Every structure is written in structure tokens, then in C-alpha cells.
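Residues in the sequence shown are numbered from 2 upward in steps of one, following our numbering.
From the three backbone atoms N, C-alpha and C, an ideal C-beta is built for every residue, glycine too.
As the structure is a computational prediction, the values presented were derived from the model and not from experiment.
A short write-up of the structure that comes next.
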Amino acid sequence: MYNQHYITVIIPVLNEEKSIQKVLEDIPGFVDSIIISDNGSTDNTARIAESLGVQVVSEPERGYGAACLKALEHTSNRTDILVFLDGDYSDYPEEMGLLLNPIVYHNYDVVIGSRMLKAESKQHLTPVAGFGNWLSTRLIKLIWNYNFTDLGPFRAVRYSSFQKLEMQDRNFGWTIELQIKAAKHKLNAKEIPVSYRQRIGESKISGTLMGTVKAGTKILYLIFKELF
């Protein structure tokens, strides 16, 4: 519990056997529930997580959003705050309290860990991530007048507010869908600078021109879908 708030952490993973133990060991002790959503790993990711006593659920349909949605099916109704965290050790789980404080003490609904607000974190972003941030945050500002700088996956959301969003995206549009819907629902949102490092293992998102085009297309699709 974190100041009487039940904290559930969701970690979607795909072949993260080299990093998952480090991630789990760095999660603060106040966390009440950890759900690993295994997105079709062919290595020992799930076995390692289970050996550490963590709940593992399986979602064979590939997609970041699909993995998150599967974990949500197993989320306790006692949950007060959801935290989403990647399993590649690029985020710093020990900074989780920074994301929780605005929700617990200042009545925020959504807190995004922004890598763009910390110079040493920003340098580790892939070209695809940098382009996605630039395009999406400017469009959200233009259309809904919400100021975001990042689509960072390390984020905390008040569970009662999250349930209003009716999340649907089953792929890599999950993070921007959450921020678009938070803006549409006029949720009280905030960004906090967070530390970020080069991930362990191979990235699941291509840094190629084609990857950038796909990211841009997905962002535009989701934004215009929410407009009409």
C-alpha cells in the first residue's frame, strides 16, 4: 500500500529474460500486486517471473495493447492506482513514487513519466519514439489543449478514472490512446521528469523509416478516430 492506496503494476513483456529479474527486483516494496503479461515470449521470461513469485498471464496475440488489456482482466477490484511499466529495464522502477505522489496527494488522475523533460533521458530515445512524441503531443495540444511532451510507457493512472477511458487499442497505439482519451475526458493530467536508459536486449519497435511511417500513420488514425 502507498499511503492507503492499493497499487497494481502491469508489465507487458516479450522475450525479456535478460532484464525481467532486474525490473522486478527494483519495484518498490509498497506495491501490492504485480501482473506480468507475457505476449508470446519464446524464452524464459515467464519462468523467471514465476520463480520470483509474480503473477504471470498469457496473451498470445502480439501487441502492446493486447498484453495490457489481458493484464487488466486479472486486476484486483481493490486497485486504487494502476502503474504501467516496461519489462526491458529502460525505466527506473524505483522512481515509481514520483508518479504516485501527484495522484495520492494532489488529486491528479493521470501521471506520465516524461523522458523529454530530462536531458540525459531524452538522448536514449529511438528515432521512432522521438518522431511519435513530436507528432502526437503537438496534435493533442492543437486539438484538446493538453500539454504533453512524451508518450512514455512508465505511467500511473487512478483506477476509477482509467475505467472511464474504455481502452481498445491492441497494438503500439495504446499509450497515445490513453493520453488522447484522458484529454477528451478532461482528466487531471501531469508529467513528471523520469530517468531513462538504453534497454536491455533487442527493441521490439523498429528504428527504420518504415517504422517511423507506421508510427505516424497509427497516431493520425487514433487522433482522427477520437475526433469523429
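Residues bridged to glycine 114 (per DSSP): Ile193
With isoleucine 37 as the anchor, note down where its beta strand (DSSP E) starts and where it stops. 34-39
When the Cβ atoms of the region 59-77 are set against those of the region 99-115, are three or more pairs found closer than 8 Å? no
Per DSSP, what kind of secondary structure is glutamine 199 in: helix, strand or coil? coil
On the DSSP bridge list, what partners appear for aspartate 92? Tyr197
From the DSSP output, which residues share a beta bridge with glutamine 56? Ile36
What whole-angstrom Cβ distance do phenylalanine 173 and tyrosine 65 have, given they're in contact under 8 Å? 5 Å
Measure the C-alpha to C-alpha separation of leucine 83 and isoleucine 8 and round it to an integer number of angstroms. 6 Å
By DSSP, does leucine 188 sit in helix, in strand, or in coil? coil
Closer than 6 Å by C-beta to lysine 191: which residues in its own chain qualify, once you throw out the five before and the five after it? Chain order, please. Pro103, Tyr109, Val112
What residue range is occupied by the uninterrupted beta strand (DSSP E) comprising isoleucine 12? 8-14
Start and end of the alpha helix (DSSP H) containing leucine 25? 21-27
Measure the C-alpha to C-alpha separation of isoleucine 11 and tryptophan 145 and round it to an integer number of angstroms. 28 Å
Beta-carbon separation (whole angstroms), tyrosine 90 vs serine 20, contact threshold 8 Å: 4 Å
Start and end residues, alpha helix (DSSP H) containing arginine 139: 128-145
Pull up the distance between the alpha-carbon of glutamate 1 and that of lysine 119, whole angstroms please. Past the edges of the chain, shown from 2 to 229, lies residue 1, and the structure says nothing about it.
Closer than 7 Å: is that where the CB of cysteine 69 sits relative to any heavy atom of the ligand HEM? This structure lacks the ligand HEM; in fact it carries no ligand of any kind.
In the DSSP assignment, the alpha helix (DSSP H) including leucine 100 goes from what residue to what residue? 97-107
Over what stretch of residues does the beta strand (DSSP E) that includes phenylalanine 149 continue unbroken? Run containing phenylalanine 149: none; DSSP gives neither H nor E here.
Per the contact definition of three or more C-beta pairs closer than 8 Å, is the region 125-143 in contact with the region 40-55? no
Please classify leucine 228: is it buried, with 16 or more other beta-carbons within 10 angstroms of its beta-carbon, or exposed? exposed
Give me the Cβ distance between arginine 198 and glycine 153, rounded to the nearest whole Å; I'm assuming they're in contact under 8 Å. Going by Cβ atoms, the distance from arginine 198 to glycine 153 rounds to 13 Å, so no, they are not a contact pair.
Rounded to whole angstroms, what's the CA-CA distance from tyrosine 106 to methionine 211? Just pull it up for me. 43 Å
Does tyrosine 222 pass the burial test, meaning 16 or more other C-beta atoms within 10 Å, or should it be called exposed? exposed
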